[in-house]
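Asker:
Protein chains: 2
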Amino acid sequence: MKKTTIKDIARELNVSTSTVSRALRDSYEIGAETKQRVLELAQRLDYTPDPVALSLLSSHSNDIGVIVPDISNPFFALVIAGIEDVAFAQGYHVVIYQSHDNYEREVMNVRHIANRRKDGMLVSLATGTQDYAHFKSLHDQGFPIVFFDRICDEIDTHKVSVDDFEGAYQATEHLIKQGCKTIAHISGPPNLLISRRRLHGYRSALLDYKIPILEDIIMSSEYNSPEALVITRKLLSGSVKVDGIFASSDNIAIGSHAAITEAGLSMPHDIALIGFSDLPITGLLNPPLSTVAQPAFEMGRSAAELLINLIKNPKNDRISISNVLRTGLVVRESSLRIQ
Amino acid sequence: MKKTTIKDIARELNVSTSTVSRALRDSYEIGAETKQRVLELAQRLDYTPDPVALSLLSSHSNDIGVIVPDISNPFFALVIAGIEDVAFAQGYHVVIYQSHDNYEREVMNVRHIANRRKDGMLVSLATGTQDYAHFKSLHDQGFPIVFFDRICDEIDTHKVSVDDFEGAYQATEHLIKQGCKTIAHISGPPNLLISRRRLHGYRSALLDYKIPILEDIIMSSEYNSPEALVITRKLLSGSVKVDGIFASSDNIAIGSHAAITEAGLSMPHDIALIGFSDLPITGLLNPPLSTVAQPAFEMGRSAAELLINLIKNPKNDRISISNVLRTGLVVRESSLRIQ
DNA sequence: AATCTTAACGCAAACGTTCCCGAAAACGAT
DNA sequence: ATCGTTTTCGGGAACGTTTGCGTTAAGATT
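Chains A and B, in that order, are what the protein sequence lines are. full-length UniProt numbering numbers the first residue of the first sequence as 1 and each following residue consecutively. full-length UniProt numbering numbers the first residue of the second sequence as 1 and each following residue consecutively.
1) What are the residues in the region 322-339 of chain A lying within 7 Å of chain B by C-beta distance?
2) Establish whether the CB of residue 146(B) and some CB of chain A are separated by less than 8 Å.
3) Please state whether DSSP places residue 223(A) in a helix, a strand or coil.
4) Would you kindly report the start and end of the unbroken beta strand (DSSP E) that includes residue 183(A)?
5) Looking only at C-alpha atoms, which of 35(B), 28(B), 26(B) and 27(B) sits nearest to residue 15(B)?
6) Note down, in chain order, each residue of its chain lying with its Cβ closer than 6 Å to the Cβ of residue 328(A), except the 5 sequence neighbours on either side.
7) Taking the alpha-carbon of residue 180(B) as reference, which of 301(B), 101(B), 83(B) and 335(B) has the nearest alpha-carbon?
8) Take residue 162(A) and list the residues in its own chain whose beta-carbon comes closer than 8 Å to its own, dropping the five residues that flank it on each side.
9) Using a C-beta to C-beta distance shorter than 9 Å, which residues of chain B count as neighbours of residue 266(A)?
10) Is the CB-CB distance between residue 56(B) and residue 53(A) below 8 Å?
11) Against chain B, does residue 271(A) count as a neighbour if the rule is that its beta carbon must be under 8 Å from one of theirs?
12) Since residue 82(B) contacts residue 297(B) with CB under 8 Å, what's their CB separation in whole angstroms?
13) What does the Cβ neighbour count give for residue 216(A), buried or exposed, with the cut at 16 atoms within 10 Å?
14) With residue 235(A) and residue 253(A) assumed to form a contact (beta carbons below 8 Å), what rounded beta-carbon distance in angstroms separates them?
15) So, are the CB atoms of residue 291(A) and residue 255(A) less than 8 Å apart?
16) Does the structure place the region 56-66 of chain B close enough to the region 116-127 of chain B that three or more beta carbon pairs sit under 8 Å?
17) Measuring alpha carbon to alpha carbon, tell me which residue in 32(A), 31(A), 33(A) and 51(A) is nearest residue 5(A).
18) Do residue 257(B) and residue 279(A) have their CB atoms nearer than 8 Å?
19) So which of 259(B), 289(B) and 269(B) has the shortest CA-CA distance to residue 288(A)?
20) Taking only beta carbons into account, state which residues of the region 86-102 of chain B come closer than 7 Å to chain A, listed in chain order.
21) Can you tell me whether residue 24(A) is helix, strand or coil according to DSSP?
22) Return helix, strand or coil for residue 244(A), following the three-state DSSP convention.
23) Between which two residues does the beta strand (DSSP E) containing residue 253(B) stretch?
24) Specify the secondary structure class of residue 323(A) as computed by DSSP and reduced to three states.
25) Since residue 254(B) meets chain A, which of its residues come closer than 8 Å, beta carbon to beta carbon?
26) If we define contact as Cβ-Cβ less than 8 Å, is residue 60(B) a contact residue for chain A?
27) I'd like to know whether the C-beta of residue 6(A) is nearer than 8 Å to at least one C-beta of chain B.
28) Using beta-carbon positions only, say whether residue 71(A) and residue 98(A) come within less than 8 Å of one another.
29) Looking at C-alpha atoms only, which residue of 330(B), 338(B) and 314(B) is the closest neighbour of residue 140(B)?
30) How would you list, in chain order, the residues of chain A whose beta-carbon sits under 7 Å from the beta-carbon of residue 52(B)?
31) Starting from the Cα of residue 261(A), find the closest Cα among 247(B), 268(B) and 286(B) and give me that residue.
32) Here's the rule: buried if 16 or more other CB atoms are within 10 angstroms of the residue's CB, otherwise exposed. What is residue 151(A)?
33) On the premise that residue 199(B) lies in contact with residue 185(B), defined as a C-beta separation below 8 Å, what is that separation, rounded to the nearest angstrom?
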């Protein structure tokens with residue numbers, strides 16, 4: 001029971017493969033009767049064109065690659081859902097790759113995507129990536145690339161992100177307005193642009209409200225809960241007594257949440273806590289976690305739209321669009337002191 | 001700056017493509033000097049063989065496909081990590097597909113995998129799947145398939161799962177030993193084998209301990225938190241007062257956790273709660289969630305090993321291995337009444 | 001010197017398609 | 001009857017590889 005090919009149909013009908021090919025594509029230069037017979041037999045034999053052969057011939061595959069650090073992060077899972085939403089509608093298939101925040105893996109993923117003739121790629125950078133040559137060379141050859149969330153300034157292509165500065169500013173400002181006097185920040189890895197921008201927003205808010213910035217209570221963690229738990233323990237056992245924490249992501253905030261509870265402190269009374277992203281679980285914590293909503297699904301949609309546009313109009317190479325999505329403050333009990 | 005092919009090398013060196021091909025594969029029938037020159041130029045031109053052409057020729061791709069309902073479920077993310085672990089080491093690349101618990105999507109994914117000449121596939125079934133024809137026909141043609149976690153009895157191939165019955169039995173028994181008298185169960189979708197097996201374990205435990213089974217407090221939910229939250233609300237507002245809940249998965253338990261907290265009830269005092277899977281977040285909840293540990297990573301490893309073995313030895317078609325992994329009870333505060 | 005090995009390489013088919021060029025009928029028009 | 005037009009189709013190259021088989025020239029064997 002081998003897969004039926006165009007040749008099988010041709011042989012059976014005593015016509016050439018070119019005729020079959022044309023008939024299947026409903027070409028005008030094939031007679032109505034022949035067309036009919038081909039279509040019928042193709043139907044009966046359950047013929048589907050071979051994507052690999054097509055790929056070899058045309059140098060494209062109708063699938064797009066997506067590289068994310070980690071699919072278990074619900075934020076990325078949601079972005080991917082958004083990507084699939086528009087890609088699917090446009091007939092593209094999306095192939096997911098994980099870098100595991102590892103530079104070498106990212107390079108391998110990029111190679112795989114290019115070698116397999118994917119039509120384009122969407123990428124959110126790995127924490128470890130400092131060198132962008134693997135993207136640069138492809139981009140210079142005209143390969144469509146769009147960055148999202150964890151973007152970089154070094155490559156001139158379309159990007160979609162949120163206003164990290166603004167979101168961080170609002171979160172910090174919110175804590176200030178709730179009466180917090182000593183607000184700590186647990187940042188992400190410093191080489192990630194989003195980490196720096198959120199840190200910047202935090203600093204600016206404190207500055208604007210004339211609150212002294214204490215470097216001792218600005219810590220850094222990877223974007224995951226277990227490490228954030230450890231870091232927060234360290235923060236809480238430090239010499240400075242904090243009454244508010246702005247975490248650079250929800251995963252970090254979840255770790256902090258556990259550390260605060262563990263230390264027997266109450267939220268928001270002893271410490272007000274706010275995260276970043278609005279992951280689905282945050283509302284289910286006890287107390288529910290305040291956060292900055294990030295339109296993950298929409299980000300995926302936008303990135304996919306930009307990419308597909310890039311694929312279909314390679315000429316538009318010149319102008320690079322940077323789509324900056326708006327964030328929204330989501331206040332829940334973990335930071336709500338004043339009703 | 002096109003990709004360099006074997007032809008480019010051949011032309012440059014005034015040899016035939018076959019010579020280049022053989023030289024690159026270090027064939028004995030190529031002279032030492034020629035081999036040297038080819039290797040050198042290939043190096044300099046950064047030649048890499050085209051996987052698509054190879055695929056067309058040899059009918060395999062060195063990729064394996066993985067279909068899961070939802071990558072944002074940390075359990076599946078962990079399984080995939082396990083799969084990647086062994087696949088990577090054996091030179092295979094894993095391509096991830098999501099069925100979104102939708103039958104049609106699953107069928108599409110299967111088609112895509114078969115059409116792209118993937119070497120094999122690993123699948124955890126979608127909730128909606130009742131018909132297995134799309135797997136059956138491929139399997140009959142000798143295509144390597146291994147099921148994991150959400151397996152089905154209808155297809156005779158390798159499978160990896162945990163002892164759902166045993167895990168559920170232990171969880172229920174644990175609640176009984178903690179003094180719970182009225183234990184509810186929130187099950188998963190009934191057409192999933194794992195749901196039925198866990199339900200069965202629950203029933204058996206109650207039976208063995210001579211506790212009456214109340215059908216009114218056996219509810220069913222999809223495997224996600226938001227729906228479980230709603231279902232649990234309904235359970236709590238019912239006429240039967242429960243003092244223990246065994247949830248069929250951690251995602252369900254997280255929803256129940258939120259509902260219990262929301263209702264002003266305390267865990268484990270008013271209600272003892274236990275889930276299934278031991279997702280990373282469960283330990284960070286307040287109070288921490290008891291659960292049944294499921295060796296997700298190991299499950300992925302085992303499934304991948306079975307699949308790769310199947311790929312490399314197509315003859316072993318006959319005997320189908322069912323690897324049943326052991327579960328482990330993880331007792332945390334949400335169910336710990338007796339110290 | 002005639003024949004046999006062996007080493008070293010080229011030809012061409014094959015994988016499944018598409019598509020550019022013809023080319024053979026059929027048909028009117030002159 | 002001759003000549004352009006359509007209409008309808010086939011041949012073959014191309015995409016990038018691998019591989020079975022044929023070929024050539026040198027060296028070894030008798």
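Yeah, the Cβ is synthetic: ideal placement off N, Cα and C, and Gly gets one too.
Answerer: The structure says:
1) Going along the region 322-339 of chain A in chain order, one finds no residue with a Cβ nearer than 7 Å to chain B.
2) Counting from one through the second sequence, the residue named residue 146(B) turns up at place 146. No - not a single Cβ of chain A is within 8 Å of the one on residue 146(B).
3) Reading the first sequence from its first residue, position 223 is the one you call residue 223(A). Of the three classes helix, strand and coil, the one that applies to residue 223(A) here is coil, per DSSP.
4) As a working mapping, residue 183(A) is identified with position 183 in the first sequence. DSSP places residue 183(A) in the uninterrupted beta strand (DSSP E) bounded by 183-187.
5) Counting from one through the second sequence, the residue named residue 15(B) turns up at place 15. The shortest Cα separation from residue 15(B) among 35(B), 28(B), 26(B) and 27(B) belongs to 35(B).
6) Residue 328(A) sits at position 328 when you count from the first residue of the first sequence. 293.
7) The residue given as residue 180(B) occupies position 180 in the second sequence. The shortest Cα separation from residue 180(B) among 301(B), 101(B), 83(B) and 335(B) belongs to 335(B).
8) Position 162 of the first sequence, counted from the first residue, corresponds to residue 162(A). Short of 8 Å from the beta carbon of residue 162(A), and not among the five residues preceding or following it, lie these beta carbons of its own chain, in chain order: 149, 294, 295, 299, 324, 325, 326 and 327.
9) To locate residue 266(A), count along the first sequence from 1; it is residue 266. Chain-order list of chain B residues neighbouring residue 266(A): empty, with the shortest C-beta distance near 11 Å, by a criterion of under 9 Å.
10) Position 56 of the second sequence holds residue 56(B). Position 53 of the first sequence holds residue 53(A). A contact, by the Cβ cut-off of 8 Å.
11) Taking the first sequence and counting its residues from 1, the one referred to as residue 271(A) is at position 271. No - not a single Cβ of chain B is within 8 Å of the one on residue 271(A).
12) Counting from 1 along the second sequence, the entry for residue 82(B) is found at position 82. Counting from 1 along the second sequence, the entry for residue 297(B) is found at position 297. Going by Cβ atoms, the distance from residue 82(B) to residue 297(B) rounds to 4 Å, so yes, they are a contact pair.
13) As a first step, residue 216(A) must be located in the first sequence, where it is residue number 216. So residue 216(A) counts as exposed.
14) Locating residue 235(A) in the first sequence gives position 235, where the first residue counts as 1. Locating residue 253(A) in the first sequence gives position 253, where the first residue counts as 1. So it is not a contact: roughly 13 Å between Cβ atoms.
15) Within the first sequence, residue 291(A) is the residue found at index 291, counting from 1. Within the first sequence, residue 255(A) is the residue found at index 255, counting from 1. Taking 8 Å as the cut-off, the beta carbon of residue 291(A) is found no closer than this to the beta carbon of residue 255(A).
16) The region 116-127 of chain B, when compared against the region 56-66 of chain B, does touch it at the 8 Å Cβ threshold.
17) Counted from its first residue, the first sequence places residue 5(A) at position 5. Measuring from the Cα of residue 5(A), the nearest candidate turns out to be 51(A).
18) In the second sequence, counting from the first residue as 1, residue 257(B) sits at position 257. In the first sequence, counting from the first residue as 1, residue 279(A) sits at position 279. Result no, Cβ atoms of residue 257(B) and residue 279(A) do not sit closer than 8 Å.
19) In the first sequence, the residue the question calls residue 288(A) occupies position 288. Ranking 259(B), 289(B) and 269(B) by CA distance to the CA of residue 288(A) puts 259(B) first.
20) Considering only beta carbons, the part of the region 86-102 of chain B lying closer than 7 Å to chain A consists of 93, 95 and 96, in chain order.
21) Sequence index remark: in the first sequence, residue 24(A) carries index 24 (1-based). In the structure shown, residue 24(A) falls within a helical segment according to DSSP collapsed to helix, strand and coil.
22) For this step, residue 244(A) is matched to residue 244 along the first sequence. Strand at residue 244(A).
23) One-based indexing of the second sequence puts residue 253(B) at position 253. Note, residue 253(B): premise wrong, no beta strand (DSSP E); alpha helix (DSSP H) at 250-262.
24) Here residue 323(A) corresponds to residue number 323 of the first sequence, with the count starting at 1. Three-state DSSP puts residue 323(A) in a strand.
25) Here residue 254(B) refers to the residue found at position 254 of the second sequence. Result: 281 and 284.
26) Against the second sequence, residue 60(B) aligns to sequence position 60. So no, residue 60(B) is outside the interface.
27) Working through the first sequence from its first residue, we reach residue 6(A) at position 6. With its beta carbon at least 8 Å from every one in chain B, residue 6(A) lies outside the interface.
28) Taking the first sequence and counting its residues from 1, one reaches residue 71(A) at position 71. Taking the first sequence and counting its residues from 1, one reaches residue 98(A) at position 98. For the 8 Å CB-CB criterion, residue 71(A) and residue 98(A) form a contact.
29) By 1-based counting over the second sequence, the position of residue 140(B) is 140. Out of 330(B), 338(B) and 314(B), 314(B) has the C-alpha closest to the C-alpha of residue 140(B).
30) One-based indexing of the second sequence puts residue 52(B) at position 52. Those are 52, 55, 56, 116 and 117, listed as they occur along chain A.
31) Reading the first sequence from its first residue, position 261 is the one you call residue 261(A). The shortest Cα separation from residue 261(A) among 247(B), 268(B) and 286(B) belongs to 286(B).
32) Here residue 151(A) refers to the residue found at position 151 of the first sequence. Residue 151(A) comes out buried.
33) The sequence position of residue 185(B) within the second sequence is 185, counting from 1. The sequence position of residue 199(B) within the second sequence is 199, counting from 1. Between residue 199(B) and residue 185(B) the Cβ distance is about 7 Å, and since that is below 8 Å, they are a contact.
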